[in-house]
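So the protein sequences, as listed, match chains B and W. Each residue of the first sequence is one higher than the last, beginning at 1 in my numbering. Each residue of the second sequence is one higher than the last, beginning at 1 in my numbering. Working notes, structure below.
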Amino acid sequence: MVEVRLENLKKYFDRGRVKAVDGINLTIKDGEFLVLLGPSGCGKTTTLRMIAGLETPTEGKIYFGDRDVTYLPPKDRNISMVFQSYAVWPHMKVYDNIAFPLKVKKYPKNEIEKRVRWAAELLQIEDLLDRYPAQLSGGQRQRVAVARAIVVEPNVLLMDEPLSNLDAKLRVAMRAEIKKLQTKLKVTTVYVTHDQVEAMTMGDRIAVMNQGKLLQVGPPTEVYLKPNSLFVATFIGAPEMNIVEATVVESEGLFLEGDGFRIRLPDDFRELLEGYIEKDVLVGIRPEHMTVKGVSTLEHVTRTAEIEGKVDFIEALGTDTIVHAKVGGNIIKIKLPGHIPLPVGETIKIEIDLDNLHIFDKTTTKAII
Amino acid sequence: MNERTMHDLKKLGFYTLIFIVIVWMGLPLLVSTLYAFGTPDDYYNPHRIIPLHYTLETTKMLLFTLGGWEALKNSIIVAVLAIIISFILGLPAGYAIARFIFPGKDTIKLGMLALKVFPVPIMAVPLVMLYIKLHLIDTLLGVALAHSAASLPLVVLITASIFSGTSAELEEAGMVFGLTRFQSFLRITLPLALPGLAAAAMFTFVGSWNEVFAASVLTFSHRTLPALMLTLMETAPDYYKFAAAFIMAFPAIVYVAIARKYLISMWGIALK
Chain B
1 MVEVRLENLK KYFDRGRVKA VDGINLTIKD GEFLVLLGPS GCGKTTTLRM IAGLETPTEG
61 KIYFGDRDVT YLPPKDRNIS MVFQSYAVWP HMKVYDNIAF PLKVKKYPKN EIEKRVRWAA
121 ELLQIEDLLD RYPAQLSGGQ RQRVAVARAI VVEPNVLLMD EPLSNLDAKL RVAMRAEIKK
181 LQTKLKVTTV YVTHDQVEAM TMGDRIAVMN QGKLLQVGPP TEVYLKPNSL FVATFIGAPE
241 MNIVEATVVE SEGLFLEGDG FRIRLPDDFR ELLEGYIEKD VLVGIRPEHM TVKGVSTLEH
301 VTRTAEIEGK VDFIEALGTD TIVHAKVGGN IIKIKLPGHI PLPVGETIKI EIDLDNLHIF
361 DKTTTKAII
Chain W
1 MNERTMHDLK KLGFYTLIFI VIVWMGLPLL VSTLYAFGTP DDYYNPHRII PLHYTLETTK
61 MLLFTLGGWE ALKNSIIVAV LAIIISFILG LPAGYAIARF IFPGKDTIKL GMLALKVFPV
121 PIMAVPLVML YIKLHLIDTL LGVALAHSAA SLPLVVLITA SIFSGTSAEL EEAGMVFGLT
181 RFQSFLRITL PLALPGLAAA AMFTFVGSWN EVFAASVLTF SHRTLPALML TLMETAPDYY
241 KFAAAFIMAF PAIVYVAIAR KYLISMWGIA LK
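Take a look at the structure:
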């Protein structure tokens, strides 16, 4: 188990015309579960494949601890990988699939037997060892792939969207299981996904990527509550963060003025918004950081602002209610706990938690607050 | 007409079609086999369509007196050599086309097929000249090389499609878990591709087995079976021709039957 360090890692395809990975610096701590999160085509899988050695970087270095592995073939890196398609070999029985990495590394026979049993037991597939992969369900094949990956005690465990081919129920169960397994084995893990829920629930830290660049790295709550850019803010969270245009205005206090609302900002925002007076910005607020006055209250909130809106549509999810409110020309989504049947068309007062208000620069899309 | 009779009619049509196809292909084979073993007297008897008396003399004569046995062995050697040569050259090419992106890939694929456009008779004279200089004339290796050249484009294209059908991730998994690319190819991709490769080998074998022009031009004492039969049949009586047809067809049918069984029953499971 090692620390993995990526230094200015780049991968260009098609003679530099496609910049799949464009200068990534990232340290994955020993024993850490790091999730590479991003939309498809953002370069996360290419990054993973470079760590695996299946892809040679155009530029940059990869270190496992102090060892430079940039140009080592995969077999000399002592890594394991769970592939998106599982890549369980169809011409070998489950036992031989799991034993394969051990056989290649010339473990003694009784040791192989012992380790295969151990891994199979851990993943509850002892009964399947005698079968061919074609006789297994998708979920079982997935377990075989994971068992094969942990049987050798790898330096680094790499997972490439391992749950994306499972049905929703199984995915939730496997999510918890993989996370528990990783905590138990303490193996440095890089997990690639485009599913923000997986990232939030599994990662010790999340690294958000877009267009070949690393946007933000941090623990899930930090990335969620303090996104450093518009992309991170809107990519993580469901329903996604409300974004509206507004102008910063100074008139006996600091205000955000937009279509159908005017919010007074606390004085400590002034310093950060210095250069933005009389300029357009993007304002972001998550659905759960707002409430409808008189219906429910925000907890642990010190400073709030109030705007007016009209109920446009109600999504009843059972445990939560998503209120679509029309504020000026914008539709704002508000997430309220419980079942709240507000009549459509009613005028409501929306309370906003100012400590969870985000303001983004309109041109750079970087977070100001 | 209700749905049930429609269904029955369709079924009837389907089986009629199958019957016609089987008769079309099987009847000549059956008749020539019967004539091959019929006695000359029965063959020339105008009142008998199907011979009643059978003999092995004609076949024996062809095989052991007229050099058929030697030619049969030559044919097998040439076909096996052609498979080996075209696979040694064609397999890596097919793999490269399936797995890698490189400049000129489509041109190469098209270029290989374009080679098939040139008729062999046009190339015959230069080929003989070249073979004389290389001392390949009248050798089995020479014929095998000519047959390999003919089957190579097919082998490359067939293996390319087989390799692109076997998942690259399976091979990469092999590399991740401790193999080199070549080892991973040998231990993972190759066994999975085997049914398809058997098909490619079948094409090469049948192609070489039936090829007569190059074999006739390039050899005179070491003839392959079709080349020998062609020379013998110019002067032989009819029933010899049927015996020759049987000797030509029988090994090929046996080979295809075996290869076909192999194609279907790999691992006892269907790999797509």
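Glycine included, every Cβ here is placed at the ideal spot set by N, Cα and C. In this text, all values refer to a predicted model and were calculated from it rather than measured experimentally.
Taking the DSSP output, what are the residues bridged to residue i?
i: V292/B; result: I350/B
i: G94/W; result: Paired residue(s): none; G94/W is not in a bridge.
i: K333/B; result: H324/B
i: V206/W; result: V206/W is not bridged to any residue.
i: Q216/B; result: V208/B
i: S229/B; result: K366/B
i: L265/B; result: L254/B
i: A246/B; result: G258/B, V281/B
i: S86/W; result: According to DSSP, S86/W bridges with nothing at all.
i: E315/B; result: I322/B
i: G309/B; result: I348/B
i: G38/W; result: Y54/W
i: F360/B; result: L282/B, A367/B
i: Y63/B; result: R5/B, D68/B
i: D195/B; result: Note: D195/B sits in no beta bridge, so no partner.
Identify which residue in the options has its Cα closest to the Cα of residue i.
i: M159/B; options: A52/B, F231/B, Y132/B; result: A52/B
i: L56/W; options: Y239/W, W24/W, G142/W; result: Y239/W
i: L282/B; options: T363/B, D204/B, E306/B, F13/B; result: T363/B
i: E211/W; options: L230/W, G196/W, T166/W; result: L230/W
i: A246/B; options: I277/B, N228/B, V217/B; result: I277/B
i: T235/W; options: S32/W, A114/W, L66/W, R4/W; result: L66/W
i: G345/B; options: G338/B, L317/B, F313/B; result: F313/B
i: T189/W; options: R99/W, L17/W, V78/W, W24/W; result: R99/W
i: T60/B; options: T193/B, E7/B, V94/B, G318/B; result: Looking at the sequence provided, one finds Gly at residue 60/B rather than Thr. Taking only the C-alpha atoms, the option nearest G60/B is E7/B.
i: R15/B; options: S40/B, D66/B, P57/B, E113/B; result: P57/B
i: V152/B; options: I340/B, G218/B, E271/B, R115/B; result: R115/B
i: I331/B; options: L317/B, K44/B, R286/B; result: R286/B
i: F213/W; options: S167/W, T166/W, A168/W, H147/W; result: H147/W
i: R143/B; options: L26/B, L166/B, F13/B, V21/B; result: L166/B
i: G328/B; options: T347/B, P343/B, V248/B; result: T347/B
Closest Cβ-Cβ distance between residue i and chain W: below 7 Å?
i: A316/B; result: no
i: V82/B; result: no
i: V104/B; result: yes
i: P74/B; result: yes
i: H91/B; result: yes
i: R15/B; result: no
Anything in chain B within Cβ reach of residue i, meaning under 8 Å, just list it in chain order.
i: S167/W; result: S85, A87
At 8 Å on the CB atoms, spell out the chain W contacts of residue i, in chain order.
i: I79/B; result: V176
i: P101/B; result: F177, G178
Between residue i and chain B, is any beta-carbon pair separated by less than 7 Å?
i: A150/W; result: no
i: I162/W; result: no
i: W267/W; result: Bear in mind that the predicted position of W267/W carries a pLDDT of just 40, short of 50, making it too unreliable to give a figure here.
i: K272/W; result: Reliability fails at K272/W, whose pLDDT of 38 lies under 50, so the model's placement of it is uncertain and the value that follows must be treated cautiously. Answer no: the Cβ-Cβ gap between K272/W and chain B never drops below 7 Å.
i: E172/W; result: yes
Residue i versus chain B: which residues are under 7 Å apart at the beta carbon?
i: T224/W; result: Here the premise fails: no neighbours, minimum Cβ distance about 36 Å.
i: A214/W; result: Near A214/W there are no residues of chain B at all, since even the closest Cβ is about 38 Å away, more than 7 Å.
I want to see whether chain C comes within less than 7 Å of residue i, judged by CB atoms only; does it?
i: F100/B; result: The displayed structure is made up of protein chains B and W, and chain C is not among them.
**OP:** Give, in chain order, every residue of the region 25 to 57 of chain B whose Cβ lies closer than 7 Å to some Cβ of chain W.
**Re:** A52, L54
Original post:
Just by C-beta distance, which residues in the region 182 to 195 of chain W are closer than 7 Å to chain B?
Top reply: I188, P191, L192
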